[in-house]
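Participant: One structure, pasted below without further comment.
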Amino acid sequence: MKRILTGLQPSGELTIGSLIGGISQTIKYQDEYESFIFVPDLHAITVPQDAKLLHERIKKNVALYIASGVNPEKNTIYIQSDNLYHTNLAWILECNTYMGEASRMTQFKDKSSKFKNIPVGLFTYPILMASDILLYDADYVPVGIDQKQHVELARDIAIRFNGKYGDTFKIPEPLIPKTGAKIMDLQDPTKKMSKSETNPKGIIYLLDDEKTIRKKIMSAVTDSEAKVCYDPEKKPGISNLLTIYAYFKKVTIEESEKEFIGKNYGEFKTKVADIVVEELLKIQEKYNEIMKDNQIDIILNKGKEITTEIAKKKYEEVVKKIGLGR
Ligand code: ATP
Ligand code: LTN
């Protein structure tokens, strides 16, 4: 059976972008593939974090995965820092990655421009991500378009390693959603809706309340044309809202466009807000139930056990091949 694996950093509250670009694909394929989903908490500390908030968010995110539809019976759910093989293998992969290829990562260029003193971990972050993927022989890695380059780096590292030391790693493929690969900020629809953005007005968090969701959608930046149609170049705001609507309504963009022929932006935005509220409230209801019982620790202990066993085997194979140890 093919294996899919993904993770969402607990570096901020999860957004509808995290859901549409990341979690939704795991849910879509969980019946078909052996599925792994984890919390990359070690990735989150590549940028400054408040320790208390980070700690709370780790379990909160697990609850949100499950509340959004990730079935703990069908998925192995785990925390990255629970398994030391991730960082151990990452070091070995770092020694098999070139500065040139690591320097080409566009996310590093974007994120590092915000720092006076850039943490080294922010630079090596994609190699830890490669380790997350290669340890488990993942076939597919569901991600938004912004992470495609990182999965490609993991492929390049795996191909090189296999060439040098013999067949060791499966070559993973990114799985990018057809619609919603990049959900845009509602206030600036030319940039990605990002959970680490400081202005919350353009971001819909999975745990936003009804009033806040409606307010954010009704004040989303659009254009002056007054015509609801999909054209991400010329109409990024409207196109983004159409994408969000299509995702939550479970229809295509074309079907959504048809529904709003002749409607004004106010009517359109109200409908978008209605469906987002309806779907997020369902997730929030489940989330509150999950947070009340203590199943999460049981799920995570099981995840830790399963993944440690798999990762240990792969790590020991690697160690042997490269000549480490006694
Ligand atoms: P940040 O938004 O803080 O830069 P991130 O992009 O790393 O963080 P995560 O929640 O860690 O966000 O990403 C988890 C998954 O969700 C990744 O596969 C990412 O590509 C996807 N994702 C995140 N934001 C969006 C978005 N706005 N549109 C589509 N996919 C997204
Ligand atoms: N870098 C990713 C999170 C992440 C990930 C992974 C995703 C860490 N390790 C392995 C897929 C597979 C992000 O920032 N969204």
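The opening residue of the sequence shown carries number 202 in this note's numbering; numbering runs sequentially from there.
All C-beta atoms, glycine included, are put in the ideal place defined by N, C-alpha and C.
1) Could you tell me whether the stretch 319-334 touches the stretch 239-259, where touching means 3 or more Cβ pairs closer than 8 Å?
2) Residues in the same chain with beta-carbon distance under 6 Å from I221, minus the five sequence neighbours each way, listed in chain order, please.
3) Is L215 near the ligand ATP, going by C-beta to nearest heavy atom under 8 Å?
4) What's the gap between the Cα of E434 and the Cα of G208?
5) Within the present structure, is the beta-carbon of T156 separated from the nearest heavy atom of the ligand LTN by less than 8 Å?
6) Closer than 8 Å to a non-hydrogen atom of the ligand ATP - does that hold for the CB of K393?
7) Give the C-beta separation of F469 and V429 to the nearest angstrom, bearing in mind that I take them to be a contact with Cβ-Cβ under 8 Å.
8) So for T277, helix, strand or coil by DSSP?
9) Counting only runs of 3+ residues fully inside the stretch 234-295, write out the beta strand (DSSP E) ranges in chain order.
10) Is any heavy atom of the ligand LTN found at a distance shorter than 8 Å from the C-beta of G403?
11) Using a Cβ cut-off of 9 Å (strictly closer), state whether N400 contacts chain D.
12) Could you spell out where the alpha helix (DSSP H) holding P437 opens and where it closes?
13) Measuring CA to CA, which of T288, Y286, G345, D357 is closest to A303?
14) Going by DSSP, what residue range makes up the beta strand (DSSP E) through Y341?
15) Determine the closest residue to M202 out of K253, D232, Q388, with distance taken between C-alpha atoms.
Facilitator: Judging by the given coordinates:
1) yes
2) G381, I384, Y448
3) yes
4) 30 Å
5) As displayed, the chain neither begins before 202 nor continues past 527, which places residue 156 out of reach and without an answer.
6) Yes, the beta carbon of K393 sits closer than 8 Å to at least one heavy atom of the ligand ATP.
7) Going by Cβ atoms, the distance from F469 to V429 rounds to 5 Å, so yes, they are a contact pair.
8) strand
9) 235-240, 276-280
10) Set against 8 Å, the gap from the CB of G403 to the closest heavy atom of the ligand LTN is not smaller.
11) Looking at the structure shown, chain D is missing, and only one protein chain is on hand.
12) 437-450
13) D357
14) 341-343
15) Ranking K253, D232, Q388 by Cα distance to M202 puts D232 first.
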